[in-house]
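Under numbering that gives the first Met the number 0, the residue at position 39 of the sequence shown is numbered 38, and the numbers go up by one with no gaps.
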Amino acid sequence: MTNDSPVKSESTLGARVRNFLIAIVAIALTVALFLGLRTETNSVSLSKLDNASIPLEVAMSNGKPSLVEFYADWCTVCQKMAPDMALLEEQYADKLNFVMLNVDNTKWLPEMLKYRVDGIPHFVFLSQNGETIAQAIGDQPRTIMASNLEALVTGSSLPYAQASGQVSKFSAPVAPTASKEDPRSHGSQVVN
């Protein structure tokens, strides 16, 4: 028994040391991962993009095309796109305006109504004279946004955005007086 006890205590001690080292390494990796993710997400924030953006009034009058982004600080898709938007802004800052409008600020309610913002992020592509060219809603890959921005800068049609296009003028028809037509007949006469 004397021979078994030292072997058993050495293997138990070795297992304890190994488990302790594994626990220390796991804790160190968790802390490193947490700090790494935290610094990565803080490097580009929506508030930093908002602070660096051009005011809407300036964008509408400076003769450059504009990308207007409707966002909210709580929007996870907006947060996810922030690093890509920062890179695009860096790439195109001298060619077009980047405007950020927070939907939680009631100041922007007229613009939200004008552009029919019902989901965020909502992107509005404006020509150099402030006319709406196209809109896009939701997560947009950086390559898609870059293609749209390149087209916006060059005055080409945007390849990946839903175009607003021109509309025909509409004037309401004059109400008929004492018509004998049944509205379900689609114009055919009703015989009495």
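Even glycine gets a Cβ: it sits at the ideal position worked out from N, Cα and C.
Proximity below 8 Å, CB of residue i to CB of residue j
i: Asp83; j: Arg15; result: no
i: Ile132; j: Leu157; result: yes
i: Leu100; j: Leu55; result: yes
8 Å CB neighbourhood of residue i in its chain, flanking five on each side removed
i: Lys79; result: Asp138
i: Thr11; result: none
Neighbour-count burial assignment, residue i, 16 or more Cβ in a 10 Å radius
i: Ala51; result: exposed
i: Leu45; result: buried
i: Pro120; result: buried
i: Glu88; result: buried
i: Leu28; result: exposed
i: Leu32; result: exposed
i: Leu20; result: exposed
i: Leu34; result: exposed
Cβ separation of residue i and residue j, assumed to be a contact under 8 Å, to the nearest whole Å
i: Gly118; j: Ile143; result: Their Cβ separation, rounded to whole angstroms, is 17 Å, which puts Gly118 and Ile143 out of contact at 8 Å.
i: Glu68; j: Phe122; result: 6 Å
i: Ala58; j: Val98; result: 5 Å
i: Tyr114; j: Val152; result: With a Cβ gap of about 21 Å, Tyr114 and Val152 do not count as contacting.
Close-in-space but distant-in-sequence residues of the same chain around residue i (CB under 7 Å, 5 per side omitted)
i: Ala85; result: Val43, Leu48
i: Met111; result: Phe69, Val102
i: Ala160; result: Phe124, Ala133, Gln134, Ala135, Asn147
i: Cys77; result: Leu45, Tyr70, Ala71, Ile119, Pro120
i: Ala81; result: Val43, Ser44, Leu45, Leu48
Spatial neighbours of residue i in its chain, beta-carbon cut-off 6 Å, leaving aside the 5 residues before and after
i: Ser126; result: Pro64, Ile132
i: Ile53; result: Asn96, Val98
Practice prompt. Count the CB pairs spanning the segment 55-71 and the segment 146-160 that are closer than 8 Å, and state whether there are at least three.
Written response: yes
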